[in-house]
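Order-wise, the sequence lines are chains A and B.
Heads up, the final residue of the first sequence is numbered 319 in my numbering, and it's a clean run with no missing numbers.
Heads up, the final residue of the second sequence is numbered 319 in my numbering, and it's a clean run with no missing numbers.
Protein chains: 2
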Amino acid sequence: MIIAAIEAGGTKFVLGIYRADCLGDKAPELLARSTVPTTSPEETLSLSAGFFEAEAEKHGKAEALGIGSFGPVELQISSPEWGWITATPKPGWRNTDIAGWFRRRLALPVAFDTDVNAAACGEHLWGRARGVDNFVYITVGTGIGGGLFCGGNLVHGLAHPELGHILSKRFPDDSFEGICPYHGDCLEGLASGPAIANRWGIKAEDLPEGHPAWDLEARILARAFATYALVASPELIILGGGVGLRPGLAEKVSLLVGKELAGYIPAMTRPGRLEGFVARPSLGGEAGLAGSAALALRLCTE
Amino acid sequence: MIIAAIEAGGTKFVLGIYRADCLGDKAPELLARSTVPTTSPEETLSLSAGFFEAEAEKHGKAEALGIGSFGPVELQISSPEWGWITATPKPGWRNTDIAGWFRRRLALPVAFDTDVNAAACGEHLWGRARGVDNFVYITVGTGIGGGLFCGGNLVHGLAHPELGHILSKRFPDDSFEGICPYHGDCLEGLASGPAIANRWGIKAEDLPEGHPAWDLEARILARAFATYALVASPELIILGGGVGLRPGLAEKVSLLVGKELAGYIPAMTRPGRLEGFVARPSLGGEAGLAGSAALALRLCTE
């Protein structure tokens with residue numbers, strides 16, 4: 018089965034053509050890949066469609082297209098704005114119909130979700146969360162965002178989770194005011210890459226091992242992850258993103274989540290239970306694109 | 018269809034026999050009801066079983082028994098302790114097999130869950146959350162606990178949600194240290210009935226309308242509910258319990274949730290959208306017992 022996928026980012030659109038097992042058991046094979054810079058919607062969408070049309074000549078027409086997009090996006094199927102990028106500050110992109118545009122141009126069924134929900138789907142189908150029906154996928158980088166699976170399905174609800182914007186209790190040794198333009202010291206305002214750079218005056222990637230920044234980062238993330246555990250009871254938290262992939266960080270946060278829970282959830286605080294509770298994604302750099310393919314595959318097989 | 022139900026509380030077991038529509042469309046009819054004090058497990062369980070045996074003579078044998086229990090409880094089906102009350106401080110009740118005991122004694126299939134999950138099930142099947150597939154049910158009283166529905170199903174995951182124990186950012190005008198023995202100033206430590214009494218020196222039920230306690234209570238709850246919205250994206254939060262049912266509180270919290278989100282979730286912050294976002298339960302005083310019946314009915318029809 019041929020599947021088309023787009024990881025629609027604020028700086029570039031990553032495009033892929035996959036050959037996928039229709040049962041989804043095996044990781045899909047990437048047949049072709051390209052990128053298009055995110056300039057104006059007209060240009061970026063047209064160039065992207067051109068890639069898929071050219072590839073269809075070689076591999077046959079795709080069965081479906083999956084799009085994991087930067088946001089905010091409208092996901093409510095009943096809304097006339099379903100498949101749109103809505104209130105983005107990105108010039109020219111506000112209220113842009115993405116999913117509908119590709120559906121009409123390529124005459125394909127289109128699955129559309131947030132970039133992090135797509136990545137979560139990919140990890141569930143082919144990666145670290147295979148067989149795990151309740152988990153969080155979170156990316157800590159330029160921003161903090163995540164997807165939630167409950168009972169084997171992506172959670173949408175009223176809109177979609179916005180895991181990066183919760184307001185946790187502050188640590189007494191931390192008086193940084195935070196940089197989120199909406200909430201100040203929410204998780205993203207305190208622990209994203211730009212927050213780290215702002216707080217310490219050094220970029221996260223340049224902060225050495227052993228710098229107090231990493232201890233504080235781990236504590237802030239652990240407190241937020243404890244909140245996710247208390248609200249949604251995940252079995253696993255997958256931590257990705259430029260900051261999240263820092264070697265050793267997932268392991269450190271795993272241990273600290275137990276400290277935050279202070280023995281309250283017996284199933285979580287049994288000896289050894291939190292080992293691996295926070296883990297790195299297994300799809301690596303192509304998680305977003307493969308995840309978009311996973312969205313499309315779910316659409317075909319549902 | 019005849020259904021047996023137990024609301025297993027720390028001070029009493031409420032017992033009920035219902036006649037229920039097997040499709041679950043109509044609210045069930047309560048045929049008989051009794052209560053048994055929670056003394057020793059031997060006595061309380063035996064007296065409860067006796068009630069069901071006597072009622073079976075009159076109405077015929079029940080098809081299933083649903084139990085909504087005080088906790089902590091073990092809900093993992095694969096665990097040998099499934100259906101037990103585990104690490105409770107209640108004398109004599111630690112590691113007590115409840116579900117298995119009734120299954121053997123009454124020779125019935127038994128559905129077992131937390132008291133709040135049972136109440137959430139009842140509200141989903143017959144109450145306020147009918148047709149709402151993503152919602153939170155939360156009770157604010159002696160403690161704070163809740164259940165989470167995502168995609169039409171109760172969320173269990175690793176254990177079950179413990180909504181009352183999240184640590185939110187403190188309000189600057191509030192320096193109360195909190196009373197939770199595990200976490201100090203978690204939600205339960207700051208906003209449960211005993212926390213209110215401890216903070217103001219007056220019992221919650223005696224605090225008059227207009228007392229600053231209610232403004233602070235609403236803000237604390239709204240911040241926690243905003244966290245639930247950001248993590249699990251519910252369409253509705255049902256607020257019950259002795260404190261939660263205070264007239265006007267749900268409406269006040271609804272409005273404040275929008276303030277906490279600060280415009281971040283467009284689907285939630287559209288004008289009017291948060292009206293009724295936090296609402297009172299509709300099953301009233303029998304929510305716990307009816308919810309336990311709902312658990313049993315789900316078991317029969319799944």
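Glycine is no exception: its CB is placed at the ideal position from the N, C-alpha and C atoms.
All values reported here derive from a predicted model rather than from experimental measurement.
Since B:VAL270 and B:ALA235 should fall inside the 8 angstroms C-beta cutoff, what is the C-beta to C-beta distance between them, to a whole number of angstroms? Yes, they are in contact, since the Cβ atoms of B:VAL270 and B:ALA235 sit about 5 angstroms apart, within 8 angstroms.
Segments assigned beta strand (DSSP E), at least 3 residues, entirely inside the segment 99–172 of chain B: 127–131, 152–157, 161–167
For A:VAL31, which three-state DSSP category applies? strand
Flag this pair as touching only if the segment 66–83 of chain B and the segment 33–52 of chain B have three or more C-beta atom pairs under 8 angstroms; answer yes or no. Contact annotation: the segment 66–83 of chain B touches the segment 33–52 of chain B, with at least three C-beta pairs closer than 8 angstroms.
What does DSSP give as the partner residue(s) for A:GLU46 in the beta ladder? A:ARG36
A:CYS317, DSSP secondary structure in three states: helix
For A:SER95, is the classification buried or exposed, using 16 other Cβ atoms within 10 angstroms of its Cβ as the cut-off for buried? exposed
Flag A:PRO264 as yes if its beta-carbon sits less than 8 angstroms from any beta-carbon of chain B, otherwise no. no
Report yes or no: is there a C-beta of chain A within less than 8 angstroms of the C-beta of B:SER250? yes
Buried or exposed for A:ASN151, going by 16 or more other Cβ atoms inside 10 Å? buried
Just to make sure I have the definition right: I need the residues of chain B whose C-beta is within less than 8 angstroms of the C-beta of A:ALA240. Which are they? Here the sequence assigns Arg to residue 240 of chain A, which means Ala is not the residue at that position. Contacts between A:ARG240 and chain B, judged by CB atoms closer than 8 angstroms, involve LEU184 in chain order.
Cutoff 7 angstroms; reference A:HIS177; Cβ partners in own chain excluding five residues on either side: LEU92, THR131, ASN134
Could you name the residues of the same chain whose beta carbon sits closer than 7 angstroms to that of B:LEU165, not counting the 5 residues immediately before and after it, in chain order? VAL153, VAL172, PRO178, ALA249
So that I know if they touch, is there some Cβ in chain A lying closer than 8 angstroms to that of B:PRO178? yes
Along the chain, which unbroken stretches of the beta strand (DSSP E) at least 3 residues long are found entirely within the segment 213–257 of chain A? Counting only runs of 3+ residues, the beta strand (DSSP E) found wholly inside the segment 213–257 of chain A occupies 253–257, in chain order.
Is there a C-beta anywhere in chain A that falls below 8 angstroms from the one on B:HIS173? yes
Under a CB-based cut-off of 8 angstroms, is A:ARG233 close to chain B? Here the sequence assigns Leu to residue 233 of chain A, which means Arg is not the residue at that position. No, no contact with chain B.
Along the chain, where does the alpha helix (DSSP H) containing A:GLU24 start, and where does it finish? Looking at the DSSP string, A:GLU24 is not in any alpha helix (DSSP H); the run it does join, the beta strand (DSSP E), is 19–25.
Tell me, please, whether the CB atom of A:THR28 is closer than 8 angstroms to any CB atom in chain B? no
Throw me the rounded Cβ distance for the B:LEU180 and B:GLY195 pair, which I believe falls under 8 angstroms. Not quite, the Cβ-Cβ distance comes to about 16 angstroms (not below 8 angstroms), so this is no contact.
Which term fits B:PRO97, buried or exposed, when burial requires 16 or more other beta carbons within 10 angstroms of its beta carbon? exposed
Rounding to the nearest angstrom, what Cα-Cα distance links B:GLY243 and B:GLU277 in this structure? At residue 243 of chain B the sequence reads Ala, which differs from the Gly that was named. Roughly 6 angstroms between the two C-alpha positions.
Nearest candidate by alpha-carbon position, reference A:GLY257, set A:HIS228, A:TYR281, A:SER209, A:PRO225: A:SER209
Which first and last residues belong to the beta strand (DSSP E) in which B:ALA81 is found? 81–86
Mind checking the segment 149–160 of chain B against chain A and listing, in chain order, the residues whose C-beta falls within less than 7 angstroms of any C-beta there? Listed in sequence order: ASN151.
Residues of chain A with a CB under 8 angstroms from the CB of B:GLY305: which are they? Within 8 angstroms Cβ-Cβ: nothing; B:GLY305 doesn't reach chain A, min ~21 angstroms.
Quick check: what's the CA-CA separation for B:ILE282 versus A:GLY218? Each residue's alpha carbon lies about 31 angstroms from the other.
Contact list for B:LEU247 against chain A, beta-carbon separation under 7 angstroms: For B:LEU247, the chain A residues whose Cβ falls inside 7 angstroms of its Cβ are PRO178, GLU179, LEU180, HIS182, ILE183, in order along the chain.
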